[in-house]
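Going line by line, the protein sequences match chains A and B.
Counted from 1, the first sequence has number 57 at position 49 by the numbering used here; the numbering is strictly sequential.
Counted from 1, the second sequence has number 556 at position 75 by the numbering used here; the numbering is strictly sequential.
Notes for the one structure printed next.
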Amino acid sequence: EDQVTQSPEALRLQEGESSSLNCSYTVSGLRGLFWYRQDPGKGPEFLFTLYSAGEEKEKERLKATLTKKESFLHITAPKPEDSATYLCAVDRGSYIPTFGRGTSLIVHP
Amino acid sequence: DAGITQSPRHKVTETGTPVTLRCHQTENHRYMYWYRQDPGHGLRLIHYSYGVKDTDKGEVSDGYSVSRSKTEDFLLTLESATSSQTSVYFCAISEILGLDDTEAFFGQGTRLTVV
Numbered sequence: 009e010d011q012v013t014q015s016p017e018a019l020r021l022q023e024g025e026s027s028s029l030n031c032s033y034t035v036s037g038l039r040g041l042f043w044y045r046q047d048p049g050k051g052p053e054f055l056f057t058l059y060s061a062g063e064e065k066e067k068e069r070l071k072a073t074l075t076k077k078e079s080f081l082h083i084t085a086p087k088p089e090d091s092a093t094y095l096c097a098v099d100r101g102s103y104i105p106t107f108g109r110g111t112s113l114i115v116h117p
Numbered sequence: 482d483a484g485i486t487q488s489p490r491h492k493v494t495e496t497g498t499p500v501t502l503r504c505h506q507t508e509n510h511r512y513m514y515w516y517r518q519d520p521g522h523g524l525r526l527i528h529y530s531y532g533v534k535d536t537d538k539g540e541v542s543d544g545y546s547v548s549r550s551k552t553e554d555f556l557l558t559l560e561s562a563t564s565s566q567t568s569v570y571f572c573a574i575s576e577i578l579g580l581d582d583t584e585a586f587f588g589q590g591t592r593l594t595v596v
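If you want it as structure tokens, here you go:
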């Protein structure tokens, strides 16, 4: 059974205080790992897909990395508008994403 | 933004009544999914479809059925709603466009309350 564990559950940062979110996974034959952002009352919004260990992708203040056991979402110099819940999901080739429970990020001005 | 529309966006229904939620897409994507999202559980897959009339169960399918008679529409039915089915329901779509282009896109969600 695929397992996706995200940590921490909640994170509070001051504006400009960089940090990382973790997504550890147990899946046989990972095809892809996805990161999403979800704002309150809205559906998840796609951020990144990572396919192989060592791969990195960046978008504005966000950078996602992947190893054989986990992925990190690094947030550099965050702003209040980065406040959201960040979701991680894995797919082992069935094209059916399995999601973690998410990390709720609050960035204080 | 991906063309996904969920209806209704909000619904309150009574225990024991049937309820149907609709997901409509304009992207002609093959895969469609229904998830529910609850505090402490995250997104959990209810049912999914990999083509017209091709559907399968997810991890929390009990009490739910689906139908897909057209590529663009995926219906989720609660045969007899229970309070445990109070949740936010999300539809998602995806397509295998290439090795690096298979992510799922989500609708805005339907908030269902069973009283």
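Think of the CB as a built atom: it goes at the ideal place given N, C-alpha and C, for glycine as much as any other residue.
Here the structure is a predicted model, which is why all the values come from computation and not from measurement.
Measuring only the C-alpha atoms, how far is residue i from residue j?
i	j	result
B:G497	B:H528	21 Å
A:T111	A:R45	10 Å
B:Y514	B:G484	14 Å
B:E495	B:T567	11 Å
A:P86	B:C504	35 Å
A:P52	B:A573	9 Å
B:L502	A:D90	31 Å
B:V493	A:P48	20 Å
A:S79	A:C31	5 Å
B:H522	B:T591	17 Å
B:T594	B:S542	18 Å
B:V655	B:S564	Since the first residue shown for chain B is 482 and the last is 596, residue 655 of chain B is missing from the structure and cannot be characterised.
A:P16	A:Y33	14 Å
A:V35	A:K50	28 Å
B:R511	B:I577	8 Å
A:K67	A:W43	12 Å
A:E9	A:G108	13 Å
B:K538	B:R490	23 Å
B:S575	B:N509	9 Å
A:Q14	B:F586	21 Å
B:P520	A:L113	15 Å
Using a Cβ-Cβ cutoff of less than 8 Å, which residues in the same chain neighbour residue i once the five nearest sequence positions on both sides are dropped?
i	result
A:G101	G37, R39
B:G588	I485, T486, Q487, C504, F571, C572, A573
B:L556	T501, L502, R503, C504, V547, S548, R549
Can you list, in chain order, the residues of its chain with a C-beta nearer than 6 Å to that of residue i? Leave out the 5 residues immediately preceding and following it.
i	result
B:T507	G484
A:T84	S26, R69
A:L29	L81, Y94, T111
B:V500	T494, L559, A562
A:E64	T73
B:S546	T558
B:D554	H505
Could you check how far apart the C-beta atoms of residue i and residue j are, in whole angstroms? I think they sit under 8 Å.
i	j	result
A:F54	A:A72	With a Cβ gap of about 12 Å, A:F54 and A:A72 do not count as contacting.
B:S550	B:V569	25 Å between Cβ atoms; not a contact.
B:R525	B:E540	6 Å
A:C96	A:L41	7 Å
Take the Cβ of residue i as the centre, count every other Cβ of all protein chains shown within 10 Å, and call the residue buried at 16 or more, exposed below.
i	result
A:P117	exposed
A:I104	buried
B:S530	buried
A:T106	buried
B:D535	exposed
A:A18	exposed
A:D99	buried
B:E584	buried
In chain order, what residues of the same chain lie with their CB nearer than 7 Å to the CB of residue i, ignoring the 5 residues before and after it?
i	result
A:K76	A61
A:V115	L21, E23, P86, K87, P88, D90, S91
A:Q11	Y33, T34
B:T552	N509, V533
Item to check | Short-range partners of chain A found in the stretch 506-533 of chain B, where Cβ spacing is below 8 Å | outcome: Residues passing the 8 Å Cβ filter: Y512, Y514, Y516, G521, H522, G523, L524, R525, L526, Y529, Y531.
Item to check | Residues, ordered as in the chain, of the stretch 49-60 of chain A that lie near chain B by beta-carbon distance below 8 Å | outcome: Answer in chain order: G49, K50, G51, P52, E53, F54, T57, Y59.
Item to check | Members of the stretch 24-42 of chain A that neighbour chain B once the beta carbon cut-off is set at 7 Å | outcome: Those would be G40, F42, in chain order.
Item to check | Contact list for the stretch 582-596 of chain B against chain A, Cβ threshold 7 Å | outcome: Going along the stretch 582-596 of chain B in chain order, one finds T583, E584, A585, F586, F587, G588, Q589, G590 with a Cβ nearer than 7 Å to chain A.
Item to check | Positions along the stretch 103-114 of chain A whose CB lies within less than 9 Å of some CB in chain B | outcome: Those residues of the stretch 103-114 of chain A that come within reach of chain B (Cβ to Cβ, closer than 9 Å) are Y103, I104, P105, T106, F107, G108, R109, G110.
Checklist entry - What residues from the stretch 67-80 of chain A come within 7 Å of chain B, judged by C-beta to C-beta, listed N to C? => result If the cut-off is 7 Å between Cβ atoms, the stretch 67-80 of chain A has nothing near chain B.
Next on the checklist: Counting only Cβ-Cβ distances shorter than 9 Å, please list the residues of the stretch 80-100 of chain A near chain B, keeping chain order.
Outcome noted: Residues passing the 9 Å Cβ filter: L95, A97, D99.
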